[in-house]
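Input: a single structure, listed below in structure tokens.
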Amino acid sequence: MRKQMIGYIAGLALFLLSGCDSFLTQLSENNTTVANHFRTEEDAEAAVYGMHAQFREVLGSFTQDYRDRGLLLDNFGLARWREANEHNFSGYTATAVEFSWMYEYKAVSAANLVIGNLYRAGLPEERYRFYMGQALCIRACLYFQIIRLWGDAPLVLEYEDISEKGRTPWREIAGHIVADLLLAAEYLPPADQLKDPEGKPLTARQIPGRGTAYAILAGVYAWIAGYGQEPEYYALGIEAAGKVIGDPNYRLVASPEEVCTEVLPGNSEEGIFEVCYDDSRGEYKDFGSYIGGTVEKWPVLKGTTPASRRKFFIRNETVERLYTPEDLRLQAYFADFFRMKEEPVSVTQGAAYVRMWREVEYYSGGIYDGTPRTLLANDILIRLPDILLLRAEMKAATGDREGAVADLDVVRRRAGVAGYSEAEGDLRRAIQLERDRELLFQTGVRYFDYMRNHTYNLLKGGFRDLTETDVAAGALFLPVSLDAMNNNPKVKQTAYWVGKF
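Under mature numbering (1 follows the signal peptide of the UniProt record, and there is no 0), the residues of the sequence shown are numbered -23 to -1, 1 to 478, in order.
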């Protein structure tokens, strides 16, 4: 039965990815057929695996990088990506994949499939909670991504619901996200108690544990409080973050060097939630689809030299403005920074040499022999410093300066940097700059930070000219794809983007 279920899920995945772009995912199986595929724990496990495959397809996609308009890069080899980072979408068509929520909703549909049918498998309560908690957590994470990217959006909670829907206000969706995460936190065990059907420990950080649910929840509360300007939610966010920070399953590694060698490869104690890849199971991501594959050449890649041309880079002066000389991240994240910045610009392009992701697998044989195949790394969605600094941000927003500084300085101490002093000025700005330093090139983080805190005018180009009136009209969200509106007349374009395509 497990092979049959995997075959069903594989078929479902192919259907979902086949180019059928009706409003939302339509399942080709009727309820009776679905019921026949949820009879045992093996069936449930296969369905959950299919959900994770869809989640990986979405959150591991390079499309997420293209949507990131806050990357700390000074040079973009792709003109329209550079322009998007300046709030200029003139290089995009109305049907650009970056504007489409199709894949997000296909993944939501896979989660809804599990949530709506898991009861059929007749599982023991503990195993039912384990699988249901995962599905609730994944669905919540997907909807959180949707409301941060598009704001108001269709809300679909039932797997068999394929009706046309208009856009539900993002605050209402956030309420459902919170409900899912609170239930997931109740159902899921701590990370060290996650086990497969044979009782073996599960260590992949894509499998949500209780701490994962609380980490996402902290981000959702911060979003409602910050972007939504409902500050009463900060207290709830601080509480949720505290449950993660106090969880013994998560700890900071000893140094920024270990961030590169232990955390970024994946499944470390510092990692909380990740998109995981296992080549032996066909969970593969092409080298060029990683942000690391975009920003790294020498000395990470074989056959490259300091003079190898780069299309995407961060300039030395940007790095020097961001990091102080004693910052250990300067040494870990960049190759021989102080020496290389003195080399001729004709060699270095005046740019720092990123070397955060160290392990590259190369093709062996064939026409691609010797070229990079993949990075041996997960995509990190949330790690412990993110939550520490998020709690610091929320504490600062509520006037708890002492608590905010304490959290901020935990991250600074690991980096070998002096603690915060009043001479630095605005504490909230100091916390944001620490997030910029620590979470460098972690996809989406910086843009969502500046969006959440209404500091978007500190981004590049046209972002500096936006007003709160523009933001209220949806200026910081992505436009909705024309395909979505053509397939479902109930979906209307975000007010700010009407007439701009």
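All C-beta atoms, glycine included, are put in the ideal place defined by N, C-alpha and C. Keep in mind that this is a model prediction, so the values were computed, not measured.
Closer than 8 angstroms to chain C by CB, residue i
| i | result |
| --- | --- |
| G438 | Protein chain content of the structure displayed is limited to a single chain, and chain C is not contained in it. |
Beta carbon of residue i nearer than 8 angstroms to that of residue j
| i | j | result |
| --- | --- | --- |
| R335 | V277 | yes |
| Y136 | N62 | no |
| G243 | P349 | no |
| R125 | F425 | yes |
| A195 | A212 | no |
| K469 | R144 | yes |
| Q41 | A87 | no |
| E260 | R33 | yes |
| E102 | N465 | no |
| R391 | I222 | no |
| G393 | E303 | yes |
| A381 | A373 | yes |
| T420 | D45 | yes |
| A309 | V236 | yes |
| W200 | R412 | no |
| E246 | Y227 | yes |
CB-CB length for residue i against residue j, believed under 8 angstroms
| i | j | result |
| --- | --- | --- |
| C118 | R182 | Contact flag wrong, Cβ pair sits at about 13 angstroms. |
| D20 | H14 | 6 angstroms |
| Y198 | K220 | The Cβ separation is near 12 angstroms, so there is no contact. |
| G186 | P166 | 6 angstroms |
| S232 | L305 | 6 angstroms |
| I123 | T189 | About 18 angstroms separates the two Cβ atoms, so there is no contact after all. |
Host alpha helix (DSSP H) of residue i (start-end)
| i | result |
| --- | --- |
| L455 | Neither: L455 is in no alpha helix (DSSP H) and is coded neither H nor E. |
| F250 | Taken as a continuous stretch (DSSP letters only), F250 belongs to no alpha helix (DSSP H), being part of the beta strand (DSSP E) at G248 to V252. |
| Y82 | M79 to N94 |
| D20 | E18 to L36 |
| Y267 | Segment: none, Y267 is in no alpha helix (DSSP H) and carries neither H nor E. |
| I215 | Y210 to I222 |
Residue of the options minimising C-alpha distance to residue i
| i | options | result |
| --- | --- | --- |
| V322 | I193, N293 and D460 | N293 |
| M462 | L36, M79, R44 and E399 | M79 |
| I150 | G451, K274, E163 and V133 | V133 |
| G347 | G152, Y82, F264 and T295 | F264 |
| M371 | G214, S266 and P225 | G214 |
| R287 | A328, V296, F315 and E234 | A328 |
Collapsed DSSP secondary structure at residue i in the structure displayed
| i | result |
| --- | --- |
| V331 | strand |
| F478 | coil |
| P178 | strand |
| R187 | helix |
| T375 | coil |
| V144 | Checking the sequence shown, residue 144 turns out to be Arg, not Val. Coil at R144, not helix or strand. |
| F290 | strand |
| N52 | strand |
| M462 | helix |
| P166 | coil |
| A392 | coil |
| F39 | coil |
| P276 | strand |
| F311 | strand |
Unbroken beta strand (DSSP E) run spanning residue i, endpoints
| i | result |
| --- | --- |
| D356 | D356 to R360 |
| R350 | P349 to L352 |
| E338 | V337 to Y339 |
heavy atom of the ligand HEM below 7 angstroms from residue i C-beta
| i | result |
| --- | --- |
| Y108 | With respect to the ligand HEM, the structure offers nothing, as it holds no ligand at all. |
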